[in-house]
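Numbering (UniProt numbering), first residue to last: 2 to 434.
Cβ coordinates follow ideal geometry from the N, Cα and C atoms, glycine included.
Because the structure is a prediction, the values reported are computed rather than measured.
Heads up: the structure comes next, in structure tokens.
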Ligand code: PMP
């Protein structure tokens, strides 16, 4: 392609939408763990596209399933129910603890969270929603209101009843206990004391990611989600877990909440469920679904229960099972974390490594003692990585330093992972040198 006319047309016609600057090379194809530029350069994808392509790009079984569905059963009016939809609902329910039985298929994470909030409001009769200071849940009114403040310019006031808890951060503890560690129990108690004071008695739900991703890859301390669920139960609120990024083997389990001894009242899945195609699910108990139905639950989108992407969802589950990708994610994640910590032996700008499975965060600092945020270093490293053939994502959150979110496809090979780490090490060394 003629790159100058490509960019001239792109600049004339594409709306700019935030989320960092565009990559300056056109991408013309993607396969497995790689994307290919117009100049024929191959770049390793350490972000699984938008944290979604857990099976890599154009996995042959997904391509086959998509082609078959496109040629036989593509799209239906949403009150027509087809076998791929019923199969996917059953299989998701079977993969989850018993209460989570009822599945609605949608297209995006924003929609799934919006639906979850609607269910919670209907069932509890409340309308106040508790979320976390660093959560990301989407761009629609309810999901945006539950999302950290950075992306709301021009939106105006958030939804009434939007109440916010501080996000526990073990690396930069806001509240230190007698053991010198983050006193998350007290932080949670204080947070809920403020919520109780602000609430008008209409609490409906608390929504949270089991591992906060876009907000800086923050893993809650063990026991935190269970304590949070207790607080919710005491107040008659439902707990919504948003597993857009963590669901379906990404963290080494089928679902991240399995590690925490909690079962959410409502679970939302998106990104990883379609492995790069627009598919999302909101999953809840038969009891909650029944009450919501009786009270007139109405959440009806053009693509609700669409067979085409449901067929793909079934194939995603097939591949996750047959390639044993939960175990693979766990093993590679351990290796990845160990290698990232080892890089820190020579690179004092590596402040912290945290995550589970193939969802790892690498926080950069000026030095380990002060933990001062390395404001521009992350951007320089991202740029150098790209030039050397590695795509990296930097979560930039005010007050936190740049934190890389390393989330390659679960199908990445040992050699590809090694190569990516070498490029990252080289780019970090160049950037600090
Ligand atoms: N929840 C989480 C945890 C996410 O990471 C995202 C997407 N970044 C969303 C919800 C929103 O999903 P979508 O962009 O598909 O609407």
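Quick one, are the C-beta atoms of residue i and residue j less than 9 Å apart?
{"i": "residue 24", "j": "residue 342", "result": "no"}
{"i": "residue 131", "j": "residue 146", "result": "no"}
{"i": "residue 407", "j": "residue 359", "result": "yes"}
{"i": "residue 34", "j": "residue 349", "result": "no"}
{"i": "residue 97", "j": "residue 298", "result": "no"}
{"i": "residue 250", "j": "residue 321", "result": "yes"}
{"i": "residue 313", "j": "residue 70", "result": "yes"}
{"i": "residue 269", "j": "residue 244", "result": "yes"}
{"i": "residue 138", "j": "residue 208", "result": "yes"}
{"i": "residue 168", "j": "residue 394", "result": "no"}
{"i": "residue 365", "j": "residue 403", "result": "yes"}
{"i": "residue 424", "j": "residue 391", "result": "yes"}
{"i": "residue 433", "j": "residue 284", "result": "no"}
{"i": "residue 175", "j": "residue 164", "result": "no"}
{"i": "residue 32", "j": "residue 57", "result": "yes"}
{"i": "residue 218", "j": "residue 356", "result": "yes"}
{"i": "residue 101", "j": "residue 317", "result": "no"}
{"i": "residue 374", "j": "residue 75", "result": "no"}
{"i": "residue 315", "j": "residue 82", "result": "no"}
What does DSSP give as the partner residues of residue i in its beta bridges?
{"i": "residue 406", "result": "362, 394"}
{"i": "residue 206", "result": "130, 239"}
{"i": "residue 350", "result": "Partner(s): none; residue 350 has no beta bridge."}
{"i": "residue 28", "result": "38"}
{"i": "residue 311", "result": "Answer by DSSP bridge pairing: none, since residue 311 is not bridged."}
{"i": "residue 33", "result": "58"}
{"i": "residue 278", "result": "276"}
{"i": "residue 219", "result": "213"}
{"i": "residue 337", "result": "DSSP lists no partner for residue 337."}
Where does residue i sit, in a helix, a strand or coil, going by DSSP?
{"i": "residue 64", "result": "helix"}
{"i": "residue 82", "result": "coil"}
{"i": "residue 369", "result": "coil"}
{"i": "residue 195", "result": "helix"}
{"i": "residue 253", "result": "coil"}
{"i": "residue 15", "result": "coil"}
{"i": "residue 389", "result": "helix"}
{"i": "residue 356", "result": "strand"}
{"i": "residue 343", "result": "helix"}
{"i": "residue 374", "result": "strand"}
{"i": "residue 246", "result": "coil"}
{"i": "residue 77", "result": "coil"}
{"i": "residue 259", "result": "helix"}
{"i": "residue 292", "result": "helix"}
{"i": "residue 267", "result": "strand"}
{"i": "residue 151", "result": "helix"}
{"i": "residue 213", "result": "strand"}
{"i": "residue 178", "result": "coil"}
{"i": "residue 189", "result": "helix"}
{"i": "residue 183", "result": "strand"}
{"i": "residue 137", "result": "coil"}
{"i": "residue 88", "result": "helix"}
{"i": "residue 231", "result": "helix"}
{"i": "residue 443", "result": "The requested residue 443 is not part of the displayed model; the chain covers only 2 to 434."}
Evaluate residue i with the Cβ neighbour count: other Cβ atoms within 10 Å of its Cβ, from every protein chain shown; 16 or more gives buried, anything less gives exposed.
{"i": "residue 398", "result": "buried"}
{"i": "residue 238", "result": "buried"}
{"i": "residue 347", "result": "exposed"}
{"i": "residue 225", "result": "buried"}
{"i": "residue 126", "result": "exposed"}
{"i": "residue 18", "result": "exposed"}
{"i": "residue 15", "result": "exposed"}
{"i": "residue 5", "result": "exposed"}
{"i": "residue 179", "result": "exposed"}
{"i": "residue 190", "result": "exposed"}
{"i": "residue 236", "result": "buried"}
{"i": "residue 3", "result": "exposed"}
{"i": "residue 230", "result": "buried"}
{"i": "residue 90", "result": "buried"}
Ends of the beta strand (DSSP E) at residue i?
{"i": "residue 165", "result": "163-166"}
{"i": "residue 43", "result": "43-46"}
{"i": "residue 284", "result": "281-285"}
If I follow the unbroken alpha helix (DSSP H) through residue i, where does it start and stop?
{"i": "residue 122", "result": "110-125"}
{"i": "residue 104", "result": "Per DSSP, residue 104 belongs to no alpha helix (DSSP H); it is in the beta strand (DSSP E), 103-107."}
{"i": "residue 415", "result": "415-433"}
{"i": "residue 49", "result": "49-52"}
{"i": "residue 142", "result": "142-146"}
Is residue i near ligand 3, judged by its Cβ being under 8 Å from some heavy atom?
{"i": "residue 362", "result": "This structure simply doesn't include ligand 3; it includes ligand 1 instead."}
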